Amino acid sequence: MYAAKHAHTGFMVYDPAVDQHSPRRLALLGGLRRALERDELVLHFQPKADLGSGQVLGAEALVRWQHPDHGLLAPGEFIPLAERTGLIHPLTRWVLDAALRQAAEWHRSGHRLSIAVNVSTRCLLDPSFPDQVSERLAAREVPADCLMLEVTESAVMADPARALDVLGRLHAMGVKLAVDDFGTGYSSMAYLKALPVDELKVDRSFVGQMSSNTSDAVIVRSTIDLGHNLGLRVVAEGVETQDAWQELQALGCDTAQGYYLGRPMPAADLDRWLGAASPRPGPGGPGEDKEASGVI
Ligand code: C2E
Ligand code: MG
Ligand code: MG
């Protein structure tokens, strides 16, 4: 029922992969607390670059679970469980701290990258969240404007007044804010105008089909115009090809993230990637395909 409601269809065909009570899910749920205690979570980082110059501006931290039996698990397998159980709070604290520790290391080695962290609904609605962020920034000695927090439209719309309060306090601290997966949730233009955000991330479902689907191309173009008219930077997610890169560049989109530039990868690989002399994508240079084993 939850899934049907979530899908806004009123009905769902039974799918064991969606069943929160399936044996695998229940086993994962039991293991998640242990995973946090035993440091089984790992962060991968996916670069973001300026579409015009190809300059790498930052990286998004994406969590994975190095499961002792099941190998490297993608967030889709365990973030929904963490959200349902409240474990999302300690998990987010862990991700935030690990991401800021890595950002501090990159800053020390001369790469002043901005680091993006995903924030789920429960954390966005937690009045103590801004203080937790402030405390971690101070502990890791990272300037607030080098942290970008990504929230979804649905998370904001779950309780707009509370979300606006938390976002307002984060913004006042100097933390940057982005609306993730833009276009996939329900949001009201009135709230979008009121949100103290810096960036809109166009969902990859539109960017991926942009070249072959006219409606998707219209959505991408309109989102870029909307973002710019509201004074925001616009990031295209899921840029997989040189054609998409060039099309987005022609449309005046600001930033790109996607497999064409680089896949999410462990910090050490991103270090090497940053230091490599190979040209970044853009007019001319091809992107690197980081399809190394253990990278998801
Ligand atoms: P997201 O924040 O929208 O992250 C982008 C997702 O798109 C990542 O999937 C990334 O691997 C994938 N992606 C990036 N470029 C491309 C591309 O060119 N093509 C395709 N097909 N995919 C691409 P991932 O890592 O599986 O993460 C899925 C979602 O899980 C994230 O979506 C985010 O909503 C959530 N997530 C990840 N890490 C965290 C976290 O630390 N906390 C929370 N609350 N959620 C997280
Ligand atoms: Mg994100
Ligand atoms: Mg996204």
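Note that our numbering has the sequence shown beginning at 1240, numbered continuously upward. Built from N, CA and C at the ideal position, the CB exists for glycine as well. Quick caveat: nothing in here was measured; it's all calculated off a predicted structure.
First through last residue of the beta strand (DSSP E) which encompasses Glu1476: As a working mapping, residue 1476 is identified with position 237 in the sequence shown. Per DSSP, Glu1476 belongs to no beta strand (DSSP E) and is neither H nor E.
At least 3 beta-carbon pairs within less than 8 Å: the region 1467 to 1476 vs the region 1260 to 1278: The region 1467 to 1476 vs the region 1260 to 1278: no contact.
Member of Arg1303, Cys1362, Arg1351 whose CA lies at the smallest distance from the CA of Pro1329: Within the sequence shown, numbered from 1, the residue matching residue 1329 stands at position 90. Considering only alpha carbons, the answer is Cys1362.
Beta-bridge partners of Lys1287, as assigned by DSSP: On the sequence shown, residue 1287 is found 48 positions in, with the first residue counted as 1. Its beta-bridge partners are Gly1297, Gln1496.
Per-residue burial, Tyr1425 [other beta carbons within 10 Å of its own, 16 or more giving buried]: Along the sequence shown, one-based indexing puts residue 1425 at 186. Exposed, because fewer than 16 other Cβ atoms sit within 10 Å of the Cβ of Tyr1425.
Coil, strand or helix - Asp1361 by DSSP: For this step, residue 1361 is matched to residue 122 along the sequence shown. Note that residue 1361 corresponds to Arg in the displayed sequence, not to Asp. If DSSP states are grouped into helix, strand and coil, Arg1361 belongs with the helices.
Identified DSSP bridge partners for Leu1386: Locating residue 1386 in the sequence shown gives position 147, where the first residue counts as 1. According to DSSP, which records beta bridges pairwise, Leu1386 is partnered with Ile1354.
Secondary structure of Glu1438, DSSP reduced to three states: Taking the sequence shown and counting its residues from 1, one reaches residue 1438 at position 199. Correct three-state label for Glu1438: strand.
Gly1413 vs Asp1370 beta-carbon contact at 8 Å: On the sequence shown, position 174 is the one that residue 1413 refers to. On the sequence shown, position 131 is the one that residue 1370 refers to. In this structure, Gly1413 sits away from Asp1370, with a CB-CB distance that is not shorter than 8 Å.
Beta-carbon spacing of Val1334, Val1372 below 8 Å: On the sequence shown, residue 1334 is found 95 positions in, with the first residue counted as 1. On the sequence shown, residue 1372 is found 133 positions in, with the first residue counted as 1. Against a cut-off of 8 Å, the Cβ pair of Val1372 and Val1334 comes out as no contact.
Backbone secondary structure at Ile1535 - three-state DSSP: Against the sequence shown, residue 1535 aligns to sequence position 296. Ile1535: coil per DSSP, three-state reduction.
Alpha-carbon spacing of Thr1480 relative to Tyr1498, whole angstroms: Mapped onto the sequence shown, residue 1480 falls at position 241. Mapped onto the sequence shown, residue 1498 falls at position 259. Cα-Cα distance, rounded: 8 Å.
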